[in-house]
Each structure stands twice: as structure tokens, then as C-alpha cells.
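Chains as they are written, first to last, in the working numbering: chain A, 1 to 379; chain B, 1001 to 1379; chain C, 2001 to 2435; chain D, 3001 to 3435.
Next up, the structure:
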């Protein structure tokens, strides 16, 4: 997050922070462990009223950013979600809203978008697949074939956020050499889902299988076979939102541990007075500031459609993915045994940083992507 | 090096250590930077009298180990070479002697072996090639073809130690699906060489080119096309000797830096009193002991032809290669600016650890090799 | 190689060599005939997180039976003097037994901490009566022991004990809380380090006691870890009465006992009192990393191969380093404190190994189904990865020990040395908790 | 994005925006017409190790000329007041000039340390007369400056200065030795930190002087680095006489000057006094890592790709972090000491980048021929890799600063605080050297 925000941005951030502190304090999060959705519908609906699903949607379609930089604004929400280890399908709903708002609407799509914006419907993004390469648009194998005036979907997506809460699924798949995106009602015959286990306490993921699922051609969002650029863009949005959320989780873990270091005495003096620990705090502070810096830069580049946007996004994915989890793990180490107990709060933030590190490309995969982009740029 | 040596081993080690301290003190090493060979012939001949080239050769062929564990004994020499950053073709000559002594001798091979043992001839091992995979027997591409009663060698080897000092070259190459090793007089038509630059101060390396070099078939050592096991064994010897030498260089770097930490005061107290530095010394000490442990284990396993020998060798190559250079680099960091000056001694040991890390497989390549061996063992 | 290994071994057992061989043969025969063969991976990760309370109690009962059978066959307490019910043999015999045990079931829960450090401390510091009372039932599997050592908020400062023992005639009254005990809820007895004098510096006011775990005033609470495991307990002692005859060592001299106690704890796998399959010892069982790469569809990916190779490397180096250092310590060539070297290595390696597994799992590290086979739970193991660098003394403490006790560097400044423990600053939060 | 950037910029330059644009246009025109186009990689690694003494002197002479041409065209000292020969413009103008300079030659050797920190310190602490005497010739390329700050054996303890300045009437007599000066042998003047009082604590007995480098009593020795570079010098001062009018700041108040001096040194690339192509700034030019992978035949190897990607990642993050922190510092939102954060990052990244290059070079990292193209010298660069974590203040010092001055953690115990400097312990070797 930037050192300086506009007044509107500051207000957006504070409103969400306050709401999260009230609605999902850490004690409540522990209770949500057993909740099938990981969150209450009413919690999400009220969040939507605060703008949680509308920032990436233009005003004329019912949304509106607060600063004109839509993704930068959205990262403020993601940051607070990270700081509070907050539940709710923030990523899927924002991506879906952005995609639906980005194309000329069919009647049905318009209804879904309105419900997304009001928080009364969740749309899950079915993008990644469980094989190597399944984290990139060009690696997708789920088939979306045209048969007469129907689209036929066949394949498997995982992990899919909040699939059982969703009214519709936004499915990205392959049509020959091109990509297509389709909005699929969850109750369409041939759609089945299986709950996954996850490291997170409140976010739920499903394997969603599409067994020759048939839909009218106008279920497609935009051109059949022409969605490559759209998918690449929404993937960039997603990676940046995950990075911003992880930065929030890092920041909270760091703050907690810094306080602990001043508070906790060993051998008659505070942990904060031990040089070896001090130096690790210096490293952590550096990773934290660097994570802020590169996430903000990536968000601004995507908003501005700058030509280095793809690179900055993967740099954020690689760096924040790597150092996010490393930072919170070092916080655990500094806490000692209590840092790995369920009763302590730290693991809530570790879970979030760990989960996000895996969702839209691991750090290693982002590094490979950066190398590809560098090679392209140089050739 | 083991905590406890036999008396004979102890004597071998001490004799060599004393000779190196007298013959090539660090001041003298700096002068050898400009020497074309990096060492004086007489230095090498006297070293041979101390047993430098004979440990891997059975007694009946004119050699003899001091403990019955030939490679373990040889690692003691290599260790001292590392501790003194000593010049001389220790690796090539020992490998060559071991190979020549391992096969029924032709008259010519017997003469060369005798001269190797006496130190009056150097034989350079031409093994690695400059392409990916050129560090492993199965990756060799230099062709050794049978044409009538001649062998024809074609290809390039690099880096080749002390090639310009050698009377003969021991060349490992490919004959169809098999490997062959040939003893090539350096003045054979078609052999050419080019001096390389290197990180080391006194070791010299060459690119050696074989342009359809013709030799009688009996220049082969052992079976034409049947040398795969031989080559694998001598590669194991080589990796262990390099590791042992690196452990010596690590130990010396560590000792120098430990002394420095006690001796050097900053802000009115010794470096050794700063916790962050103390903890890095603890890490270095751990890497050092671990390097000793795994190198000793690998040497013993090769000597005993144990079934995990190949794995232990690559574990030593991977671990010592990695942590050898890292340890000495951290010693540099602790010294500050003077640690990277030519006038300081530390770089002599850094050079040796750095060079060895590249010669017979980098740590990353050894890790890949370990994975292959694990997969083989499991299948 | 063997001749050299023996030369280094230095157990002075040459006279027994023939006997050792005979003993080993007898052990092999008995083991083959009496103990179930098990896949060693059963013992990886020690106590499974998915056992119900009943299941775990059943396993403990079974292990007690197993220990009893070992005892009756003459294989319990191999290095324990005969007068206490042991076999009076040498470490070489224990090693031979451990070799023969490879691939078989054994009473895993009874080794640590019952045999080491508890039995070791009893043998070293116990009175004759204490030893005759407790060692035989320990060897028969009738007494499982536990160590009441760490305290909440104590961290690395083991001697900063706040549990107090107040003298009351012929007995002591203990109050306080202990933590990080493994399986205290199914154990019988415990060693306990308590503060008997608050008016002297930290190390000089401690005393060690032994006490039964099931008694009024001693409440045991199972701690839930973030992965759901309830391996560890916390104990609350409220006016627990201990007779003075259950004191170990002299009054206020508990730190002398404590230092050896922690030494025996660190040297667990080198202890001649511990029975376990030799092959199991320090291995992280990294062979499964190949399976992880395969399950992730990355067996041909060089980057994954480098990770698999690194995992195996760490495993092998860890084992060789332990071997080197314990041999050096046993032969008196390096000081006891050098045991911190393999401890540090293992802690760092354990963290890295779980990270490698998580890396190999890729996306499946974040979310998985039971169909994902070896990739299941790699993410949860990653969440728990620091335990290897925390449990049994942190890597930070190991680094202090290595730099100060092995390399002889200046000691870290303590703000609690040479002042009465009562006056030591305990920080804002500790202050609130402990007055 | 631009609107937000400007909102954060906080230079208060809005009134000049039109003018800035006009200035930028004028700069572009002049640069295109007058300055040679060069490949930015020429400036990577700053001073080549393979120049002869004559060649280097020729380059320095050429850069002086270049500076003169900048000056005559009205582009020297863009932010320096007009009364000292500068242009009296704003940091935005300097930035605009630096943008326009991309891809062109510039007087690289004259920027650091002449413009920053030396010129910056002169402008901040110099007397009116000192500024009128030295600033104009600096801007004309006639005076190249150097900093006599570090001392042999001084390491991170910059204030532990042993070079003494003794008062002798209207002048001072300096004795001692300074080290790590870049190109002192072709420079003209220097800032020098010396000890003027040995009977007060370390920081309270220092004074700053300026002095010409070519004078009797001042001997300059070029230090050879392990890679053959002779970039750095050591100076030996023997009874060097400095008039009191060449003192900067008050007597014994040199640390006040020194703190700002080091601040200007750290902020080099953010300084409005420094002229350099904007694109060159903090980049490590990692684009060449692709070439390394290709030259090593590993462009398709995923493991090599991960290394190339990591290199680029470090480069990009380094740049963005610098940008963030300097903007935060400029806007007063974080304190000056936070400059240690990007310094730490850069030092760690520089080490890692050279390691990555060495990894990519594989076997060629150990030995190479000129035919190996980009892989040449990767091994030598690896030998030198720690320089990035040492030069300009070690990463250890940066970590101290961040933990203590940014995070507010307790200061490291100094054994030299509050005692007369004369009594500070200097260790066995220092003791021998300095009595």
C-alpha cells in the first residue's frame, strides 16, 4: 500500500478495516473453521455495500472506483482482507464482475452482474487446472467446443473458490487455438463439484468437473475463441489482488511480532535487544517494504495498461509469493512453540500467505514467466 | 577429515602440510600468478616423493596407500592442498595413475605410470566437455572410433588441467554406445591446446582439441568401448578429491576469520562479541563439520565399493560445492573491504573453493544426479 | 573401511566382540520370531494427528506390552546395570540390537522421554532407593515418564523457571505451570524442575523432583497445534505435594542436574538407553520426494529434480554429520556442547525439507483432495515447518551454544546474571501474568 | 497513474510545470545535438579493470571536458543556486534532464563523490567563501573531489577515526591514513574527517576539513583488488597542513557534518545534484541474464529460466523499492534512516545476482576463453560478489540502522560510548598498529 492515499481511498480502506474488525474478529474466524462456506451470506452482502465487488466495474455498469485507478483501489480492500485474514470470495467476485462489465451484456449476464454488485450472488472463477502449466491461459485444457448453436464444456477445474456458494461459474477454457469464457449456471446438468482440503481456515475450494456440459452459444462472454487477451488481463488482476492481500497478511504478522519482541523478555532483557533477532527484523522490514513497492507498481501498471504490466505482475507474484510466506514463517520462529498452536493468532496470517502463494502460479512459475517475458522483450 | 587418523595417515598429512608451508607459502603463491605452469617442476617432483601420486596405485604397481583405504588417504593430501591453496596437478595425476594401474599394462603405459609416480611426468585427464551434460560420462561426445588398427579421436575437451605441462593426455571419449579411454602423447599430430582464464591463481586449464588424432589401438587403456565403469569410478575419485580439497580451503578460511573476529575490535569490543556474527560463525562451523562428515563418508564408500557410493559422492559434490564457496564468501563479508583485496590471503582459498565448485559438476548438477540415483534405487 | 570405523569407535569393547556377535544373532532370531514387520514410514512424524483419544490409549497400552516382552526376553535396558533389572551389557550390544530391529515394530512412545532423558537422569543422579523403585518398572513398561521442564513464556530460557517448590517440613509444595510435554495425559511419572530459592541468581535456586502425573492438584490440558495435532500438553500444578525423598540431587543444585538432563535429551539418538531401529534414527525419509515430483507430474522437470536431489542431500548429510559428531563426542575429541552442531543442521534441514515438499506440490500445496496421494497435507506440513527449528531447543539457542561453548566466543550479555531471580525483569506481559 | 504520482511527489513544483516541459525539450535538443549515443552497458560495473593508467587519465580528462560543455550549455548544477554558478532550478528539472540523457554519454566519474556527497556537503555546511571558491570550478569540471572518510581497520565504525588533526595557530596538522577512496589519484580536492579531540567520547572529538589531494605529505597508493581492479586508493597523511579557513563546520562538531555527509552518500541516486541517465540509475541491467543462459546452452532449461526470472525480479523490485522509499523520505512520511532499507535490499540482491550469473555459467564459471562471450569473467565477478554488501556501508550496518533507527529497537551495546576516545579498546592488532 502506498504511503499516501487520496481521501477517498483512505476512507474506503478505513471503512473496510473497521467493518472487518467488527464482523470477523480473530475469535470469530476460528468458529468459521466449521462453517461450510467459511462466511455468512449477510457478511458478504454488507461488504458488497461497502464496494467490495464494484471497484473494477465502470460507473455506467453500476460500479465505480474511488480514485480512477480501479485496481489500485481494489488492492486496498485486498490489503485489509490480508490484515484481517478475512473470509469471502473477494478474488472470484471481483474478477467475474470485471469480466462481465468488460463486454457488451446479454440480458442474463446483466442480471448476474447486478447481483454480483449487490452481493446477492457469488460467481466463482474456474480458471486453473491441476496439471503442470494449468496456471497459465496457454496451458488450459478444458474444452469449450461449438456444436450447432450450443457450447459443450468438458474438463476439470481446480481449485475453484466458493463454488458451492456460487450461482454461476465463470469458466475459462480452450476452443481450438483460442480461448473462450462462459458463464455457467451451477445447476447445469453435467456440472459436479467436490470439496477440497486447504491450508486456509475460512476460504473454501472445490474441484469442479464439467462432463460435456451444454449451454446456448450466448452463454459465452465476448467472442468464442477470442478471449485470450481478456483472460490474460483478469489473470493479472488476480495475481495483483493476491499479492496485495498477502502484503496485508505480512504486515499484520510483522506488527504482531514486533510488538512481541518488545514485550517478551528472556534472560532479563527484551527479545528486541538481541542483535541476531534485530537483524532478522531488518530483513523482514525490507521484504515488507519491497512487497508494498512492487505490488503498488504492478497495480498501477495494470490500471494504466503500461507495456511492462505483465512483467511487473509476475515480479509481484514471484517476490510477494516467496517473501510473504518466508516473513510470516520467521515470525513463527520468533514466537517459538506458541506460534504453531491453534490458539495463537499468527497462523491465520500464515495460512493466508501460504494459500495465496499457490493459487495463480507459485513463485517459481512466476520466475519462469518473467524469463519468458524478458526473452520476448529482447528478441 | 576424520577426527582420528592412523599414525601413518597422520604422518602423511603432516609431512605434506610442512612441505607445502615451506615450499609454497602464500607470499610465494602470489608470485606464481605469472608462472606459465603455476608451479615449479622440482616442487612437483619432491611432492611425488612424499606420495602425492602413488596412493591410488597398488603396491605391486609401485604405489601404496598408507592405511589400506586408498581414497581416504588421498583426501588427506587434497585437504592439505586446500588448506594451503597449493599448486600442482594433484587431481589429474592421481586419476591417471589410478586408471593406468587399474588395467593390465602395455609397455608404454607402464613407463608413463612409473614417471607419474616419480613426478617426472604429468598426465592430464581430458574428461569434461563444454556443453550441457559434458560433466557426466553418458554426456561425452568426443568420438574415439576404430579405423582398421587405429583409433581416431575427434572432439574438444575443456577445461583440461595442466595440459601444457603434460607428457600424455588421458582422454575419455565415446565409441558408439560405449566409452573408451586412450593415453595420447601430447605431441601427436592433431592435438592442439589453448590456455583458458580461470578464477584460480596457480592452477592452469586448457581447451584441448583433437582433430582426427590417430593412434594405434593399443593406446587404449582397457577395452575399447568398455570403459564406462572405469570412467564412472575415476569420476567418483575426482569428485571426492575436489570436495576434500574444498574442505581444506573452507577450514583455512574459517580459521583465519575466527582469529580475525577475536582480534578485531569495533565500537570498542571484538567482532566475536556481536551476536549476529556469532550466529553466522555457528552456521559456518556447522557447514564445515558437515562437509568433513560427508566427504569422509564418500571417500570410505568409494574405497569400500559400497552400493551407496555413487550417491554419497554426489551428495559430497552438491553439499561441499555449495557450502564451500558460501562459507568462504561469508568470511569475506566479515572481513569487509580488505577481504576482496589482492593483498589479503583470503581470496586464495575463495578461489580454490570457487574453482572446485565448477570442475566435475556444479552443485545443481550433482543434485540432479542424486535425484536420478534415488529414482533408480526406488524403481 | 570397517577397520577404521572400529579404530574410531573407542568403546573399548574389544573383549566383548565375540559376545556382541552372539548377542546380535540371538537378537535377530528373537526379533524375527516375535516382532511384527512394519513399514518404517509408520514411525515418521511420530504420532499421527488423526488418532482418536481411544486409539492413542490403545496404542500406548500395546507399546507397554511390547516393552514387557522385550524385558522378559532379556532385551530391555541392555546397558542398564543388572541390579536395576537391566542386562549390564555395552553400547555395542544396544547398537547391535537396534540394527537387528530394522523394519520391525518397537515401543516408540516409550523411548523419549522415558528412556532418555528421564531414565538417564535417574541413573545418573537418583538415590539407590529411587533407582530400585523406578528403574525396574520403567524397563517392564509399567512406568512411562515425562519431563516437566519448559514453561509457558519461558522459551529458550530454560533456567528461568517460575514454578515454585516451597519446603514444608519433610515435603515440598509445588505451584506453577509446565508446557510442551509429549503425551503427559497417558504417562505415569515425571521429572520436574522447580524454583526453590528466589533470592539467589537464576541458576542457583533450582531443584529437581520426581512426581506421579495422576494426582490431585495436577491438571493436564492437551494443546491443539495449528495442524490439529494434540501431541503436546500443558500442566497446571496447584499445591502439588512431593515428599523430600522424591527430590533428585541437592536442594538448589537443580541446574547441575538440568544441564545433564538437557544433554541426555539432545543425545537421544546416540543414547545407549534407547531402543529403536538403527535405520530410522535421524533419517527424514526423503525417498518420498521422488514420489512427490511424480505425483505433481514433474518427474522430468530439472528444477524439480534439483529439489528432490537437495532433499536427499540434506537427509544424507544430516545422518553423516550426526554420526561424525557423536563419534567425536563419544571419543572425547570434541566437547559435549558440540551436540548443538547436528541439532542446528537438523533444524535448518527440517525446515527446508518441508519447504521443498511444498514447492514440489505446487498448486496442490494450497488445496487438495484425498486423491492427491503423497501431495496431501504438504501445505499443512509447510504451515508447521518451523517446529523442526523450535522443538527441543531452538536453532537460535543452538547457534548461541556453538559460538560460545564450541568456538569460545564471548557470552551474550545476560541481564539476569548475578542478581536475585526475584529482581529479574520479565517484561510487560510476563509481569502481568506472574506478578 | 500519473496524477497519483504527482500527488505523492510533493516537490511543490506545479508552478514550474510548463517551464519544466520547456526545459526538458531544450535539454533533449541539446543532448541529441551534442552528446554521443552510447550503449548504457558501458557504464555497468563503473570503472573497467582493464584500462591502463594512461587510458583512465584520458577518460577522466574527457569527462572534465564533457562537464565543461554541460556547464557552458546551462545544464551543470541544475539545482545549484545561480550565485555559485548553477542554474537555480528544481529537482524536477534535474529529473527531466536525466530522462533526456538516457542512452547518451555523461561524465560518470564526476558524479560520485564530487557532486554527491562532496558538493552537497559544501552547499550545506560550507562558508560563503568556501562555496564561492569551490562550487563554480566543480560545476566546470575543474575540481574533482574525493572523500577521505574510511580508515584501514575502521570497518563499519566510521566515527572511530584515528586520523588526527592537531591545532597549530591558524592551521591544523593532519596525520593518519584513509582508505577506499575511488580514483583519489586523479582527483583534486577532498573532504576529510579527522579527530581533533581524544579526551571526549568518540563522536564528540571530530572535525571536517577540505584539502587539495596533490600536496607534499599526502601519499596516494592504489590498492589492487583480487580481480585486478585498482579503482580504490589508500592515502597516507604525514604532517599535512590545512589552514583553519578550510575547516567545514565547527571544531569537534564534525559528526554533525558526517551524519549528513553519509546521508548524501546513501541518497546518491536520489540527489538533485547528480546528473546521470535516469534509466541507468539503480538497475543491475539483468537483461543480460537471458544471454548468459543462452551462451550456456540452457535457454530451454526450466531451472535456468527460474534463475533468469529471479535476476530480473530482483532488479525490478530493487528499483521499485528505491522509488518507494525515496518518495516516502522526500515527502517526510518516513525518516531519513529508512534509506538503509533500499541499501540493504540492493546489497543482498547484488550478491545474489552475481551468484545467479555464476550458476548460469556452470563449468565456464571456473575457466573460460574469450570465445565464451557473456560467460567470461562470471567467475571473477563471483569472487568479488560481496563488494555489493560491503562498499558504501555494509549490509550489517544497514540492518543495525533499520532495527534501531527505523523500528526503534534497543541500541547495540557500545563499549566506546561515554568514555574518552583515548581509552577505547582497539583489540590486539589495532593496539599494535596504533599504540
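C-beta atoms are modelled at their ideal positions from N, C-alpha and C, and glycine is treated no differently.
Contacts that residue i makes with chain A (C-beta to C-beta distance below 9 Å)
i	result
residue 2425 of chain C	265, 268, 269, 270
Interface partners of residue i on chain C, CB under 9 Å
i	result
residue 3136 of chain D	Residues of chain C passing the Cβ test: none, with the nearest at roughly 53 Å.
Assigned secondary structure, residue i (DSSP; H/G/I helix, E/B strand, else coil)
i	result
residue 3140 of chain D	coil
residue 3038 of chain D	coil
residue 2047 of chain C	A caution first: residue 2047 of chain C carries a pLDDT of 45, below 50, which makes its placement in the model too unreliable to give a value.
residue 3110 of chain D	helix
residue 267 of chain A	coil
residue 3425 of chain D	coil
residue 285 of chain A	helix
residue 2254 of chain C	helix
residue 1298 of chain B	helix
residue 1052 of chain B	coil
residue 1147 of chain B	strand
residue 3164 of chain D	strand
N-terminal and C-terminal residue of the beta strand (DSSP E) that residue i is part of
i	result
residue 1092 of chain B	Per DSSP, residue 1092 of chain B belongs to no beta strand (DSSP E); it is in the alpha helix (DSSP H), 1090-1101.
residue 2080 of chain C	Per DSSP, residue 2080 of chain C belongs to no beta strand (DSSP E) and is neither H nor E.
residue 3191 of chain D	3189-3195
residue 403 of chain A	Nothing in the structure corresponds to residue 403 of chain A, since chain A is present only between 1 and 379.
Amino acids of chain D, ordered along the chain, whose beta-carbon sits closer than 8 Å to that of residue i
i	result
residue 281 of chain A	3402, 3403, 3407, 3409
residue 1159 of chain B	3363, 3366, 3367
residue 258 of chain A	3407
Range of the contiguous alpha helix (DSSP H) that encloses residue i
i	result
residue 3376 of chain D	No alpha helix (DSSP H) contains residue 3376 of chain D, which DSSP labels as neither H nor E.
residue 3091 of chain D	3091-3100
residue 3445 of chain D	What is shown of chain D runs 3001 to 3435, which leaves residue 3445 of chain D out entirely.
Residues that residue i bridges to, as DSSP identifies them
i	result
residue 3367 of chain D	B:1198
residue 1214 of chain B	B:1152
residue 1161 of chain B	B:1205
residue 3418 of chain D	Answer is none; residue 3418 of chain D lacks a bridge partner.
residue 3232 of chain D	D:3182
Proximal residues of chain A, C-beta to C-beta of residue i below 7 Å
i	result
residue 3321 of chain D	289, 290, 293
residue 2379 of chain C	199, 354
Contact list for residue i against chain D, beta-carbon separation under 7 Å
i	result
residue 2414 of chain C	The premise fails here: residue 2414 of chain C is roughly 12 Å from chain D at the closest Cβ pair, so nothing lies under 7 Å.
Chain-ordered chain C contacts of residue i [CB-CB under 7 Å]
i	result
residue 3301 of chain D	2302
residue 3306 of chain D	2303
Chain B contact residues for residue i, given Cβ-Cβ distances below 7 Å
i	result
residue 3223 of chain D	1341
residue 2457 of chain C	With chain C represented from 2001 up to 2435, any question about residue 2457 of chain C goes unanswered, as that position is not in the structure.
Count the C-beta pairs between the segment 3095-3111 of chain D and the segment 3248-3259 of chain D that are closer than 8 Å, then say yes if the count reaches three, no if not.
no
Requested in this report: Evaluate contact between the segment 2227-2245 of chain C and the segment 358-368 of chain A, counting only Cβ atoms and requiring at least three cross-stretch pairs below 8 Å.
Outcome: no
Worksheet item: Are the segment 3165-3179 of chain D and the segment 3192-3209 of chain D touching, with three or more C-beta to C-beta distances below 8 Å?
Response: yes
*asked:* If contact is defined by three or more beta carbon pairs under 8 Å, each pair taking one atom from either stretch, is the segment 2139-2155 of chain C in contact with the segment 2406-2413 of chain C?
replied: no
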